[in-house]
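Residue numbers for the sequence shown follow the UniProt record's numbering, so the first one is 1 and each next one is one higher.
Where a beta carbon is used, it is the ideal one built from N, C-alpha and C, also for glycine.
Being a predicted model, the structure only gives us computed values, none of them experimental.
Remarks on the structure that follows.
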Amino acid sequence: MTDGFNLAAMPSADGVWHHLHLAPEALGAGTPALPDGAIVVAQGAIAWVGAHTDLPDAYRPLPSHDGQGALVTPGLVDCHTHLVYGGQRANEFAMRLAGASYEEVARAGGGIVSSVKATRQASEEALFDAAVPRLQALLAEGVCAIEIKSGYGLSLAHERKQLRVARRLGEVFGVTVRTTFLGAHALPPEYAGRSDDYIRLVCEEMMPALAAEGLVDAVDVFCETIGFTLAQTEQVFQAAQALGLPVKLHAEQLSDMGGSALAARFGALSCDHIEHLSAEGIAAMRQAGTVAVLLPGAYFTLRDTHLPPIADLRAAGVPMAVSTDHNPGTSPALSLLLMVNMACTLFRLTVPEALAGVTRHAAQALGLQATHGRISAGCPANFVLWPLGDVAELAYWLGQRPACSVVRQGRLAVD
Ligand code: NIG
Ligand code: FE
Numbered sequence: 001m002t003d004g005f006n007l008a009a010m011p012s013a014d015g016v017w018h019h020l021h022l023a024p025e026a027l028g029a030g031t032p033a034l035p036d037g038a039i040v041v042a043q044g045a046i047a048w049v050g051a052h053t054d055l056p057d058a059y060r061p062l063p064s065h066d067g068q069g070a071l072v073t074p075g076l077v078d079c080h081t082h083l084v085y086g087g088q089r090a091n092e093f094a095m096r097l098a099g100a101s102y103e104e105v106a107r108a109g110g111g112i113v114s115s116v117k118a119t120r121q122a123s124e125e126a127l128f129d130a131a132v133p134r135l136q137a138l139l140a141e142g143v144c145a146i147e148i149k150s151g152y153g154l155s156l157a158h159e160r161k162q163l164r165v166a167r168r169l170g171e172v173f174g175v176t177v178r179t180t181f182l183g184a185h186a187l188p189p190e191y192a193g194r195s196d197d198y199i200r201l202v203c204e205e206m207m208p209a210l211a212a213e214g215l216v217d218a219v220d221v222f223c224e225t226i227g228f229t230l231a232q233t234e235q236v237f238q239a240a241q242a243l244g245l246p247v248k249l250h251a252e253q254l255s256d257m258g259g260s261a262l263a264a265r266f267g268a269l270s271c272d273h274i275e276h277l278s279a280e281g282i283a284a285m286r287q288a289g290t291v292a293v294l295l296p297g298a299y300f301t302l303r304d305t306h307l308p309p310i311a312d313l314r315a316a317g318v319p320m321a322v323s324t325d326h327n328p329g330t331s332p333a334l335s336l337l338l339m340v341n342m343a344c345t346l347f348r349l350t351v352p353e354a355l356a357g358v359t360r361h362a363a364q365a366l367g368l369q370a371t372h373g374r375i376s377a378g379c380p381a382n383f384v385l386w387p388l389g390d391v392a393e394l395a396y397w398l399g400q401r402p403a404c405s406v407v408r409q410g411r412l413a414v415d
């Protein structure tokens, strides 16, 4: 199933990259742009970064790569996706256009459960093949790390199948993949009316087994009136904590369930969606260092009008990330830059905030802040060369993928 993808064919990026216009924030929070920067890559990692004039003599003999004045950002991080699933749900798009709400579609047997059916029917190979073009679309735009959730299998065997595909995508494409177990995404039909029994299965059988197989980097729950209750969410978090797994949460998307405050109590990496987040939720997240993950693709697709409390998050200093939430129901989005645009246009983020949202803060939402979302010595070499003159262009173009060059895991990507 790996025919046609050959990591070894990607040339090494080792050497000195010069003529780089290092974008503000490329080197860390609040750093100014460096118009004549250089990056040294050695054995796939960043050995040095700074102004070209400061390049240490020892690096001068290394092979040189001319960046031709390109704008350089860290490799992008897409910190919330449901990339692996069977089928698609364009029919629901039509239902919603005719007036049905997301909740009504879900209650009518559509929604997440219809993707569960298609995912269960698909082989591991078919799921991999279906996910490849989606992943390639994201990679072509500079994504170097991605989170992939389960949650369309809802049984041990089918959740395992999804997570195995996620791991395999990371290996085959040389991209950092963080897997998130979202067994508590929806109630599988065979558990209708028995949600507590299903949560027990998630906590006592599925999660420990999948964690033991090394398939789980974090645990997530859909805490919502059409998902799981606060008490059930807490049970899942307790099980995760007992296994030493970090948690995150689909929180306050359609209503204020108080999920964010609960997640913060468990030291959650992130709370995601959060359109209905309360002041108490914000305070709890700030105290816990939990990242607010904004998902404008789902907001847009559902034609939501209830904005997340951006100004209050900003005032509280809660780090904000931006992600595609790629999924077949509420966000069939395959462009992280389009999400950057929407985060600015719909949610009123500034360009630097949105850029931090798909680099530094997105890495933090995955617990990867030490190694991803920044360009600094010791980190794996993940950076993007954009043929753009102004950093605001990353948020500005609509529906046009800038022809960027991507250095991913120390190799020049040819996706
Ligand atoms: O992030 N909100 C729950 N989960 C997904 C939607 C999944 C689906 O509709 O298939 C989300 O929006
Ligand atoms: Fe989601």
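- Within the stretch 145 to 201, the complete alpha helix (DSSP H) runs of at least 4 residues fall at 156 to 173 and 195 to 201.
- Between the ligand NIG and the CB of Q121, the shortest heavy atom gap is not smaller than 7 Å.
- Within the stretch 208 to 291, the complete alpha helix (DSSP H) segments at least 4 residues long are 230 to 242, 259 to 265 and 279 to 288, listed from N- to C-terminus.
- Residue pairing by DSSP places V407 opposite F383 and L412 in a beta bridge.
- A direct Cα-Cα distance of roughly 10 Å separates T290 from H361.
- W386 and A23 have their C-alpha atoms some 10 Å from each other.
- Between K117 and T180, the CB-CB gap reaches or exceeds 8 Å.
- Residue range L76 to D78 is occupied by the beta strand (DSSP E) that includes V77, with no alpha helix (DSSP H) assigned at that position.
- By DSSP's assignment, T73 forms a beta bridge with V384.
- Here V105 carries a helix assignment [DSSP, helix/strand/coil].
- The beta carbon of Q68 sits no closer than 7 Å to any heavy atom of the ligand NIG.
- Under the DSSP assignment, L355 falls in the alpha helix (DSSP H) whose first and last residues are V351 to G357.
- The shortest CA-to-CA distance from W397 to any of A413, V143, S335 and T359 is the one to S335.
- Note that the C-beta distance between A218 and L245 is below 8 Å.
- Beta-bridge partners of L302 (DSSP): none assigned.
- In the DSSP assignment, V49 is bridged to I39.
- For D390, the closest of P308, P352, V414 and W17 by C-alpha to C-alpha distance is P352.
- Closest by C-alpha distance to P74, out of L394, A268, Q232 and E275, is L394.
- Across the structure, A363 and P11 are spaced so that their CA atoms are roughly 26 Å apart.
- Cβ neighbours of H52 within its own chain (closer than 7 Å, five residues either side excluded): H18, D36, G37 and A38.
- Closer than 7 Å to some heavy atom of the ligand NIG: that describes the Cβ of N327.
- In this structure, H250 has its CB closer than 7 Å to one or more heavy atoms of the ligand FE.
- Taking C-beta atoms as the reference points, E275 and P308 count as a pair closer than 8 Å.
- Remark: C-beta atoms of R168 and L215 do not approach each other more closely than 8 Å.
- A distance of 8 Å or more separates the beta carbons of A321 and V340.
- Apart from the 5 residues on each side of it in sequence, L254 sits with its Cβ closer than 6 Å to the Cβ of E224 in its chain, given in chain order.
- Boundaries of the beta strand (DSSP E) harbouring M320: M320 to V322, taken from the DSSP string.
- Between L295 and E147, the C-beta spacing is not below 8 Å.
- DSSP places L20 inside the beta strand (DSSP E), whose first and last residues are G15 to L22.
- In this structure, the alpha-carbon of G399 lies about 7 Å from that of L338.
- For a cut-off of 8 Å, the C-beta gap from G170 to V177 is around 3 Å, short enough to register as a contact.
- Its chain contains G378, C379, P380, A381 and G410 as the residues whose beta carbon lies nearer than 7 Å to that of A45, once the 5 sequence neighbours on both sides are disregarded; these appear in chain order.
- Beyond the five residues adjoining it in sequence on each side, L230 comes within less than 7 Å, by CB distance, of C223, M257, G258, G259 and L262 in the same chain, given in chain order.
- Residue pairing by DSSP places L294 opposite V322 in a beta bridge.
- Per DSSP, reduced to three states, the secondary structure at H361 is helical.
- Under the DSSP assignment, A94 falls in the alpha helix (DSSP H) whose first and last residues are A90 to L97.
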